[in-house]
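Q: In this text, residue positions in the sequence shown follow this note's numbering: the first is 241, and each later residue adds one. Every residue, glycine too, gets a C-beta built ideally from N, C-alpha and C.
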Amino acid sequence: SSAIQDVVIPETPIAEDDLLEKLRPLIADSMNSATPSFIGHMNSMPTTISILGDLVASALSNNMLFHETSPVFTTLELSLMKQFAQLFGLGEHAGGFLLGSGTMGNLQALAVARNVQFGSMEKGIGALPKSPVILASEAAHASVRKAAMILGLGTAGVIPVATDENSRMRPEALQDEIEKAKADGHHPFCVVATAGTTVTGNIDPLVETGRIAREHGLWFHVDAAYGGALIFSEKYRGRLAGVEHADSITFNPQKWLYVSQGCAMALFRNMREMENAFRVPSPYATDAGLVCNLGEITVHGSRRVEVLKLWLSLQHIGANGYAQLVDEGCHLSEYFLRKVKERPFLQLEGQPDMNILCFRGTPESLPSARWDEWNSSLQTHLLREKDVFLSLPPYRGVRWLRAVLLNPYADENLVERLFDWIDSFAMSVN
């Protein structure tokens, strides 16, 4: 960026006023996720109260490593995570903790799954007679493969399961892949279902995939990093049916709960089992007694306080407020969907389950080999000329325009204008 002019560490101090001048162009050239026309990614505008929570947490500089270095916030985090676990229906022995990202949440959950299934906490997996494998949707987040790599399985240790036309894992394909993996000499130990796939925002059939996992004695993890927010909505929470059977869940309040980044959680059905399968005691830590040291049971060591901004946002907006935000986002996506279907030159990628839609132009005036180019030009035009950002991910071999209707200030008027601009672009190109 042209805003980055001087990255050299100065030999002498720079005054605050001069630093503010250096800061201005960095802010001006950064992506503004707070504008209603930023509808291309799962990046939400943060609540003002969560920004305050960040500032206070930074000023206090408590370390979530040990209870003694963050007594108030350790207790608050464990209590709040237990409430979230109950909200998802995980039972009385459930709980969890916060982490820096959904990637870290998936890593922690899969590490616990591996250790529980194989008793591999101390000796690892090198001596296992069969190679352990994870089964996940072909549309699962890349962090699942990354976790497999870190955990010693290799990225090939994740077996992709075929999805249907709506990007949802096919239960019969999952059953077949488990049986095939066993026949090939592998040892399946975990099924990962996704509630809110990265590109299309679809939800795997959690009831069926969870049942298959249990029938085979496998750990059932649900990556609900994005879609977990549906749990607040009376109207839409039914789309998460089956999540209550998960052994572990990842959920990111930094997305649909509008908490400043980073803020993610890993929840477990049985916290005692999780601790036994993961806890590494720190010899320099004081025994926390009935309250655990979070640095001993998570992939993090030292960690900043994330729970304050989450707690403040929950207090400020409330469960009913979040339900309204989720409902409005899904309602706007239904309006957006109608606009796509009204235009013969636009193609939809499946039926949306939440507030994410993928569509693309398929103009008859151009050969199909040039449709990707057309959509790329449309994306550039909307960003440069209309200040609207849609992402352009590759999916199933072609490029799609992706709308994530997450900003609470995005409305039907914005959608109406967007499609007017798309129509004008299509006419001008033709």
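Kindly list the residues whose CB is nearer than 6 Å to the CB of V401, restricted to its own chain and excluding five residues on each side of it in sequence; keep chain order.
A: Taking the sequence shown and counting its residues from 1, the one referred to as residue 401 is at position 161. Counting only Cβ-Cβ distances below 6 Å, and skipping sequence neighbours, we find L375, S377, M409, A413, L414 and E417.
Q: Does P286 pass the burial test, meaning 16 or more other C-beta atoms within 10 Å, or should it be called exposed?
A: Along the sequence shown, one-based indexing puts residue 286 at 46. P286 should be labelled buried.
Q: Please classify H680: does DSSP put it in a helix, a strand, or coil?
A: The structure shown does not extend to residue 680, since the chain is modelled only from 241 through 670, so no value can be given for it.
Q: Could you work out which residue in H333, K495 and G601 is closest to K228 when comparing CA atoms only?
A: Outside the shown range of the chain (241 to 670) lies residue 228, about which nothing can therefore be said.
Q: For the alpha helix (DSSP H) containing H333, name the first residue and the last one.
A: Position 93 of the sequence shown, counting from 1, holds the residue named residue 333. Run containing H333: none; DSSP gives neither H nor E here.
Q: Need the endpoints of the alpha helix (DSSP H) that M321 sits in, please.
A: One-based indexing of the sequence shown puts residue 321 at position 81. Start and end: P311 to L327.
Q: Taking the runs of the alpha helix (DSSP H) that are 4 residues or longer, which of them lie wholly in the segment 438 to 512?
A: As far as the segment 438 to 512 is concerned, its whole alpha helix (DSSP H) runs of at least 4 residues are 446 to 455 and 493 to 496.
Q: Which first and last residues belong to the beta strand (DSSP E) in which C598 is found?
A: Position 358 of the sequence shown holds residue 598. Note, C598: beta strand (DSSP E), I596 to G601.
Q: Since I believe M505 is in contact with G335 (beta carbons under 8 Å), could you give me their beta-carbon distance rounded to a whole number of angstroms?
A: Locating residue 335 in the sequence shown gives position 95, counting from the first residue. Locating residue 505 in the sequence shown gives position 265, counting from the first residue. Going by Cβ atoms, the distance from G335 to M505 rounds to 10 Å, so no, they are not a contact pair.
Q: At 4 residues or longer, and completely inside the segment 506 to 591: list those alpha helix (DSSP H) runs for me, N to C.
A: Runs found: 511 to 518, 534 to 537 and 547 to 581.
Q: V298 lies in the alpha helix (DSSP H); which residues open and close that run?
A: Here the question's residue 298 lines up with position 58 in the sequence shown. In the sequence as presented, Val is not what sits at residue 298; that position holds Ser. Counting along the chain, the alpha helix (DSSP H) containing S298 begins and ends at T288 to L300.
Q: What are the partner residues of P372, as DSSP defines its beta bridges?
A: Working through the sequence shown from its first residue, we reach residue 372 at position 132. DSSP lists H427 as partners of P372.
Q: Going by beta-carbon coordinates alone, are F576 and L597 separated by less than 8 Å?
A: Residue mapping note: residue 576 aligns to position 336 of the sequence shown, counting from 1. Residue mapping note: residue 597 aligns to position 357 of the sequence shown, counting from 1. Against a cut-off of 8 Å, the Cβ pair of L597 and F576 comes out as a contact.
Q: Within the chosen definition, does the segment 327 to 346 reach the segment 488 to 497 through at least 3 CB pairs nearer than 8 Å?
A: Verdict: yes, contact present.
Q: Quick one, are the C-beta atoms of G535 and M304 less than 8 Å apart?
A: Here the question's residue 535 lines up with position 295 in the sequence shown. Here the question's residue 304 lines up with position 64 in the sequence shown. Contact: yes.
Q: Measuring only the C-alpha atoms, how far is F665 from L588?
A: Numbered from 1 along the sequence shown, position 425 holds the residue referred to as residue 665. Numbered from 1 along the sequence shown, position 348 holds the residue referred to as residue 588. The straight-line gap from Cα to Cα measures roughly 18 Å.
Q: Looking at the C-beta of A666, does it have a partner C-beta in chain B at a distance below 8 Å?
A: Of the protein chains in this structure there is only one, and it is not chain B.
Q: Measuring straight from C-alpha to C-alpha, what distance separates L641 and V669?
A: The count along the sequence shown starts at 1 and reaches residue 641 at position 401. The count along the sequence shown starts at 1 and reaches residue 669 at position 429. Each residue's alpha carbon lies about 17 Å from the other.
Q: Which residues in the same chain as Y635 place their Cβ atom closer than 6 Å to its Cβ, once the five residues preceding and following it in sequence are excluded?
A: As a working mapping, residue 635 is identified with position 395 in the sequence shown. Contacts found: V439.
Q: For the alpha helix (DSSP H) holding R642, just list the boundary residues, first then last.
A: Position 402 of the sequence shown holds residue 642. First-last for R642: L641 to V644, but that is the beta strand (DSSP E), not the alpha helix (DSSP H).
Q: So, at 6 Å on beta carbons, what are the nonlocal neighbours of M204 in its own chain, with the 5 sequence-adjacent residues on each side left out?
A: The question about residue 204 has no answer, for the chain in this structure spans 241 to 670.
Q: Can you tell me where the alpha helix (DSSP H) holding I390 begins and where it ends?
A: Position 150 of the sequence shown, counting from 1, holds the residue named residue 390. From DSSP, the alpha helix (DSSP H) with I390 extends over A382 to I390.
Q: In angstroms with no decimal places, state the Cα-to-Cα distance between A379 and A464.
A: In the sequence shown, residue 379 corresponds to position 139, counting from 1. In the sequence shown, residue 464 corresponds to position 224, counting from 1. About 13 Å.
Q: With a cut-off of 8 Å on the beta carbons, I'd call F429 and F358 a contact; round off their distance for me.
A: In the sequence shown, the residue the question calls residue 429 occupies position 189. In the sequence shown, the residue the question calls residue 358 occupies position 118. Yes, F429 and F358 are in contact; Cβ-Cβ is about 7 Å, under 8 Å.
Q: With DSSP as the reference, identify every bridge partner of A435, one or two as the case may be.
A: To locate residue 435, count along the sequence shown from 1; it is residue 195. Its beta-bridge partners are I443.
Q: Taking contact to mean 3 or more Cβ pairs, one atom from each stretch, closer than 8 Å, check whether the segment 562 to 575 and the segment 468 to 477 are in contact.
A: The segment 562 to 575, when compared against the segment 468 to 477, does touch it at the 8 Å Cβ threshold.
Q: So for I399, helix, strand or coil by DSSP?
A: Along the sequence shown, read from residue 1 onward, the residue named residue 399 stands at position 159. DSSP places I399 in strand when its eight states are reduced to three.
Q: On a CA-only basis, which of S631, L632 and S617 is nearest E625? Give me that one, please.
A: As a first step, residue 625 is located in the sequence shown; it is residue number 385 there, counting from the start. Comparing Cα-Cα distances from E625 to each of S631, L632 and S617, the minimum goes to S617.
Q: Mind checking whether N355 and S383 have CB atoms under 8 Å apart?
A: Numbered from its first residue, the sequence shown carries residue 355 at position 115. Numbered from its first residue, the sequence shown carries residue 383 at position 143. Against a cut-off of 8 Å, the Cβ pair of S383 and N355 comes out as no contact.
Q: Sort out for me which residues DSSP pairs L213 with in a bridge.
A: This structure does not reach residue 213, given that the chain is present from 241 up to 670, and the question cannot be answered.
Q: If you count every other CB in all the chains shown that lies within 10 Å of the CB of D294, and 16 or more means buried, which is it?
A: If you number the sequence shown from 1, residue 294 lands on position 54. Buried is the call here.
Q: Is M344 helix, strand or coil when you go by DSSP?
A: For this step, residue 344 is matched to residue 104 along the sequence shown. In this structure, M344 counts as helix in the three-state DSSP scheme.
Q: Can you list, in chain order, the residues of its chain with a C-beta nearer than 6 Å to that of F278? Leave out the 5 residues immediately preceding and following it.
A: Here residue 278 corresponds to residue number 38 of the sequence shown, with the count starting at 1. Hits under 6 Å: F629.
Q: In three-state DSSP terms, what is S631?
A: Position 391 of the sequence shown, counted from the first residue, corresponds to residue 631. Of the three classes helix, strand and coil, the one that applies to S631 here is strand, per DSSP.
Q: With H, G and I counted as helix, E and B as strand and the rest as coil, what does DSSP make of F358?
A: Taking the sequence shown and counting its residues from 1, the one referred to as residue 358 is at position 118. Helix.
Q: Taking the straight line between their C-alpha atoms, what separation do you get for H571 and L497?
A: If you number the sequence shown from 1, residue 571 lands on position 331. If you number the sequence shown from 1, residue 497 lands on position 257. For H571 and L497, the distance between alpha carbons rounds to 17 Å.
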